[in-house]
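Here the sequence shown is numbered in UniProt numbering, starting from 1 and rising by one per residue. Yeah, the Cβ is synthetic: ideal placement off N, Cα and C, and Gly gets one too. Computed from a predicted model, the values in this text were never measured in an experiment. A short worksheet on the structure shown next.
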Amino acid sequence: MLDRGTGAILIPGGLSGKYPIPMLGKLAPASAALRMYVLTLHEALKDQGLRRNAHHRRPDPARRHPHRGARPLEKLGAEAAADLDPDQIADTAWEMYLGRTVPESEFSTRPVPA
């Protein structure tokens, strides 16, 4: 990629490395290290045509998430799969690829009808 002067590295991550989420505390150091690595790469390579981006999932505040308590597993089935919108994830990743200037983004879970 350096030889070509173009390319992208999109790294999916979680928000436990950016915001305190007590239930995910064990994951936070690794998540924070990965986030810092991406931000450092972005800064070091930003003038060489390469893009390095971290892509974080931001929970829907109306839903229960690990930092607010878990739901029973039997209630997670189809709902867990419906939680993420692949089109939104793809659109955000594509915008990051084209934009070159934003080193990280957050994407929301989609609302699930009541």
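query = How would you label L15, buried or exposed, when you count the other beta carbons within 10 angstroms and need 16 or more for buried?
reply = It counts as buried.
ask   = From H42 to G5, what does the alpha carbon distance come to, in whole angstroms?
value = Approximately 14 Å between the Cα atoms of the pair.
request  = Can you tell me the Cβ-Cβ gap for L10 and M96, rounded? I've got them flagged as a contact below 8 Å.
outcome  = About 7 Å separates the two Cβ atoms, so the contact holds.
key: Under the three-state DSSP convention, the category P22 falls into   = In the three-state reduction of the DSSP assignment, P22 falls in the helix class.
key: Pair within 8 Å by beta-carbon distance, G13 and L50   = Going by C-beta atoms, G13 is not nearer than 8 Å to L50.
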